[in-house]
Each structure stands twice: as C-alpha cells, then as structure tokens.
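Down below is the structure, laid out as structure tokens.
Protein chains: 4
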Amino acid sequence: MIVTYRTQRKVRFQHCDPAAIVFFPRYFEMINSVVEDWFEDEVGASFNQLHMERRTGVPTARIATDFTAPSRLGDRLDFELTVDAVGGASLTITITATCAGELRLRSTSTLVYVDMNTGKPMPWPEDFRQRFEPEHNTGKPA
Amino acid sequence: MIVTYRTQRKVRFQHCDPAAIVFFPRYFEMINSVVEDWFEDEVGASFNQLHMERRTGVPTARIATDFTAPSRLGDRLDFELTVDAVGGASLTITITATCAGELRLRSTSTLVYVDMNTGKPMPWPEDFRQRFEPEHNTGKPA
Amino acid sequence: MIVTYRTQRKVRFQHCDPAAIVFFPRYFEMINSVVEDWFEDEVGASFNQLHMERRTGVPTARIATDFTAPSRLGDRLDFELTVDAVGGASLTITITATCAGELRLRSTSTLVYVDMNTGKPMPWPEDFRQRFEPEHNTGKPA
Amino acid sequence: MIVTYRTQRKVRFQHCDPAAIVFFPRYFEMINSVVEDWFEDEVGASFNQLHMERRTGVPTARIATDFTAPSRLGDRLDFELTVDAVGGASLTITITATCAGELRLRSTSTLVYVDMNTGKPMPWPEDFRQRFEPEHNTGKPA
Chain A
327 MIVTYRTQRK
337 VRFQHCDPAA
347 IVFFPRYFEM
357 INSVVEDWFE
367 DEVGASFNQL
377 HMERRTGVPT
387 ARIATDFTAP
397 SRLGDRLDFE
407 LTVDAVGGAS
417 LTITITATCA
427 GELRLRSTST
437 LVYVDMNTGK
447 PMPWPEDFRQ
457 RFEPEHNTGK
467 PA
Chain B
327 MIVTYRTQRK
337 VRFQHCDPAA
347 IVFFPRYFEM
357 INSVVEDWFE
367 DEVGASFNQL
377 HMERRTGVPT
387 ARIATDFTAP
397 SRLGDRLDFE
407 LTVDAVGGAS
417 LTITITATCA
427 GELRLRSTST
437 LVYVDMNTGK
447 PMPWPEDFRQ
457 RFEPEHNTGK
467 PA
Chain C
327 MIVTYRTQRK
337 VRFQHCDPAA
347 IVFFPRYFEM
357 INSVVEDWFE
367 DEVGASFNQL
377 HMERRTGVPT
387 ARIATDFTAP
397 SRLGDRLDFE
407 LTVDAVGGAS
417 LTITITATCA
427 GELRLRSTST
437 LVYVDMNTGK
447 PMPWPEDFRQ
457 RFEPEHNTGK
467 PA
Chain D
327 MIVTYRTQRK
337 VRFQHCDPAA
347 IVFFPRYFEM
357 INSVVEDWFE
367 DEVGASFNQL
377 HMERRTGVPT
387 ARIATDFTAP
397 SRLGDRLDFE
407 LTVDAVGGAS
417 LTITITATCA
427 GELRLRSTST
437 LVYVDMNTGK
447 PMPWPEDFRQ
457 RFEPEHNTGK
467 PA
C-alpha cells in the first residue's frame, strides 16, 4: 500500500516546554492536524464535512509513538503519512516527522469511522476506501 | 513491582471536541499531569525542582495508548499509575483511566531522566530509584 | 454585588513556555475552568448540564486581562471570581489570580447565555439570576 | 502608523469546543502565532532567535479582545496585525480576524521586551524599532 501524504509544520512557541523543546502532547495536536489536512486534501472530505454535515467522526482507538529526537522552537518538521491497513470501519496509518532528514517521531495509529450520534463504528464510504487503497482497491479488509 | 499512585481528573470543557468527547491530545496533558503529581507527591521532587533547580527533565521516549471508551464532559476519571520497569536512566509506567469502573484508556510510556543542559540521559538519583522500587530495591536495571 | 467564588490552580508543566513562565493562552484555560467550577459549585448547573442537557452555552463576548507579574512552574494560584453586573442575557465578572498575595492577573469578561442550536442570546434562567445577585434576593451574601 | 501584517489561519478540530465553535483560549494561541510569524517575517528575528539566541522575550502585559461572531470548524480566518504605539520597551498592536469579510475578533495587546534572565524590560533594539515605525522613524516613544 503506497498512499503517502506530506505536509510541514513549524515548531511554534505554543508547542514548547520549559526545556524549549516540543511538549509531547503538542505533537499529537500536530499529528491530528496532519490527518485533518489529509482528509481535506486527499480523502475527499474536510473535518467540517465529516463532523458537521455527515455527523461522523474518526476517533483514535490506539496510537503508539516513538520520540526519537527532540524538536526545538523554530524547527520545520516534515510530516509524512502512510496508510498501513484498511479495515471495514478502521484505518491504520503511520506518521513520521523529520527535520532536515533527522527522524523526530514515528507514530502508528488506528482510527475508527463512527456515527457521531450513536458512537458506533460504521463502514467507510466507498469513495474514502478508494482513496485509502489506490493501488489495489480490492475491498479486501485488512 | 507494586508502586501504584492514584489521582482524579474532571473532564473539562477545554478537553472536549465537537463530538463533546475528550480530544485525544488532551488525554496526554492529563497523563503528563498525573506523572507530575506523582513525582511531587511520591517520588520526592516537584517538576519545578526537577527542571528549575536540578536542571533535569523526564521527557517521554515512547508512549502507546489504547482508548477503549470515550469520556464525556463532566466525567470524573480515576487515574492509576503503576511502575512496570526501572532502567539505569529510564522508567516504564502504565497509566489507566476509568470512570465508574469503565476503562477509558490504558497507556504505557517510557520516560528518560536527562540533563537539561546537554539533553543526555543520566542515572536516576538513588532516592528516586528507591521510590520506584519499594519492594525489592535491588538496583537491578529492568 | 458581593458574589465571590474562590478556587486554586497549580501551575503545571503544560502551562509553561520556554521562559518557564505561564504562556498567556494557558491562563485563559484556567480562567474558563474557574467559571466552569463556579457554575457547577454555586450557580447550580455543571457545564455538562448546560451544554448537553439544556443545549445552552456561555460564550465569552469580551475579555480584558492585565498580567501584572509572571507565574512560574509549581506556583499555587488563588483565583477569585466576583460578579460585576448582570444583564438580561449577559454577565460581567472579574477574576483575579494571586500567588502568596502577589497579584498575577486581573481579568474582566462578559459572558452571554445562548441557545446552542440557534446561537442566539436568551434570558438567564431565574434560578441562575438569583445566584448571580444573592443580596437582592435572599440578601445572604455568598 | 501604518505597519500592517496579514496572514491566514484555518480553524482546526483542535480549536473547537462541544458547540463546534472556536474555544476562546485557542484564539489566543492563534494570536500569539500571528505575532510570532510577524516577528520572523517582518521585524527581523524569529522567536527562536529572540528567546534562545538573544535570551529575550516579548510577554503580553495586557490584552483586550472582543469576540464579535463565532468561528466554525474549517473557517479560514484572515488575520491582520497593525502597530498602534511603540514605547521604550513596549509595543501596542491590534489584531483582527475576519472570515469572508465578517469580523470575528478584534484584540489589542501590549507586549514588553524583556531580558529573559532577569525578567526586566529592556529597550527595543533600533532595528526592531525601525520595523515598528517604517513611515516616520523618529524614535519618539508613544
């Protein structure tokens, strides 16, 4: 599976702790914003459309992250998102952030597509699924 | 190893997203605050003492979290922290949050004790180590 | 008008910037949390009841804040909330934070009671209004 | 005085509250980030240079904000920063945010240039001052 999405984030004052490095919860805001931009730019629905119009959500069920080197105020982080596996209502992705080629974090998370009114998982729409699996869109759940 | 620390957090407006459930990066702020209180209440150094007086830090090197059920505005979360393993400069802990007995998250993280000036790992002070391993204080690295 | 509510907040790692003092947007999270606790403890409706059950909200229409001295990691802040004025659908309050008697901030804000579905202002419920103006209802100052 | 700086921000999931509108403390993160970009792009020092290299800071001493209309998930906000007055060690600016021409907020704040080691105010460097007052660079403090 070779879906890759790239975007950049600047390490801002608001991200940094008293050691002047990124406070790790702020990385998760960045990671969420990368998923948000990917949905809007590539998957085909903005988070406003997902949440407000379709009344669906993509909560994170599991996320595991290695922080391999600290990031400092002013650093430009190159984020890369790759799809690992697509299930009936789930999606597993890996996001990395590097700065000038140095790996800063690698995070693998599983999102679930849910009906916001009931909180229950629901199948991915077919057009989303096609964007998740561009190469071999076999509908085979991972 | 049976070090356990318990504390409570209220799910506040600032933690909640447009679905009125906790936005997952906010959980990591709560998790960090639990570690902060544990250091102050049990380990023997507040984060102010750690960072400002000793010029040390405890950055998170790895964290893996399962979110098993959503938390809603106003929920009281019971957090429980357990020490899993103590290394020369590292510490692995598991934190759970439950609400009225229902598991909301289970998170395992590895912290590293570092010199804030150099960013290099350094051995845990002996008094910290004793608080991490109260039962069998053998100094045996995990 | 003599409604006063008091509560305390600890300056946490998550509040502090690379200068190891509170980053000012974090003060507004604390201020909001003070209003939230005041509603739950004294006014008679938690934010969950307000937002989820009554489908109302209390957005901030205006807030002016003087930051008179910096707050540092580990400081205990004493917050005090006083009602300045009550309008048909609005409420003006002043919140101060002090640490060991030193004023850290003084903030005056105007909240508006709104219907969350329409976003339109609506009159305060009579029981709320009585808690805002205790001395010309029951006369008993809180 | 006619210094104006413009930039845009997208209203993200992380900014929104259970009413699906921007939670007001998040606006202050956006406002701070606008000042940060202005310093880097126009004034001539990034926040990293200011804080880490020069060991100076620009804490906010006072900020007053009117929130005139709510902003929703996905809105594109046009921020505009104007210099109101320059003092020896202070700077008063007004920032507005509009969306499709509708005013969302107007915020006036006073920043102070401080030595991070002592926390004391210090005079603006001459090159900064010139960028604050491009039209009539008289050095006359406001």
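Residue numbers (my numbering), protein chains in the order written: chain A, 327 to 468; chain B, 327 to 468; chain C, 327 to 468; chain D, 327 to 468. Glycine residues also receive a C-beta, built at the ideal position from the N, C-alpha and C atoms.
How many Å lie between residue i and residue j at the Cα?
i               : j               : result
T330 of chain B : V337 of chain C : 24 Å
R430 of chain C : R388 of chain D : 12 Å
K466 of chain C : E368 of chain B : Any reading at K466 of chain C must be qualified, since the residue scores a pLDDT of 42, below 50, and its modelled position is unreliable; the value itself is stated next. Using only the alpha carbons, I get a separation of about 43 Å.
E379 of chain D : R332 of chain B : 41 Å
T420 of chain A : E362 of chain B : 29 Å
H341 of chain A : Q456 of chain C : 42 Å
T424 of chain A : L403 of chain A : 6 Å
D470 of chain C : P351 of chain B : For residue 470 of chain C there is no data in the structure shown, the boundaries of chain C being 327 and 468.
E459 of chain D : V412 of chain D : 8 Å
N463 of chain C : W450 of chain C : Interpretation of N463 of chain C is limited by its pLDDT of 42, a score under 50 that renders its predicted location unreliable; no figure is taken from the coordinates.
A415 of chain D : Y439 of chain D : 5 Å
M356 of chain D : G370 of chain C : 33 Å
S359 of chain A : G445 of chain C : 27 Å
S433 of chain C : R432 of chain A : 41 Å
E428 of chain B : A390 of chain B : 19 Å
T422 of chain A : T422 of chain D : 35 Å
Pick out whichever of the options has its Cα sitting closest to the Cα of residue i.
i               : options                        : result
G400 of chain B : B:I347, B:I389, B:K446         : B:I347
P385 of chain B : B:D392, B:H377, B:T424         : B:H377
Q334 of chain C : C:S416, C:F405, C:R455, C:G445 : C:F405
M442 of chain C : D:F373, D:W364, D:P396         : D:P396
P447 of chain D : D:Y353, D:L403, D:T382         : D:T382
A426 of chain B : B:D392, B:W364, B:R398, B:N358 : B:R398
F354 of chain B : B:V440, B:V438, B:V409, B:F393 : B:F393
Q375 of chain A : B:G445, B:P344, B:T434         : B:P344
F365 of chain C : C:V409, C:A390, C:T391         : C:V409
So the beta strand (DSSP E) residue i belongs to, where does it begin and stop?
i               : result
Y439 of chain C : Note, Y439 of chain C: premise wrong, no beta strand (DSSP E); not H, not E.
I389 of chain D : 386-393
F365 of chain D : Run containing F365 of chain D: none; DSSP gives neither H nor E here.
S416 of chain C : 416-425
K446 of chain D : Here K446 of chain D belongs to no beta strand (DSSP E), and DSSP marks it neither H nor E.
D410 of chain D : 402-412
Q334 of chain B : 330-336
Is residue i close to the ligand PLP? I mean its beta-carbon at under 7 Å from any heavy atom of the ligand.
i               : result
R381 of chain B : The ligand PLP is absent from the structure shown, which contains no ligand whatsoever.
Please look up how many angstroms separate the CB atoms of residue i and residue j, rounded, as I've assumed it's under 8 Å.
i               : j               : result
F339 of chain A : F349 of chain D : Contact flag wrong, Cβ pair sits at about 19 Å.
T436 of chain D : L417 of chain D : 7 Å
How far does the alpha helix (DSSP H) with residue i in it reach, from first residue to last?
i               : result
Q456 of chain D : 452-458
For residue i, decide whether its Cβ has a neighbour in chain E, counting only Cβ atoms nearer than 8 Å.
i               : result
A346 of chain B : Chain labels in this structure do not include chain E; the protein chains are A, B, C and D.
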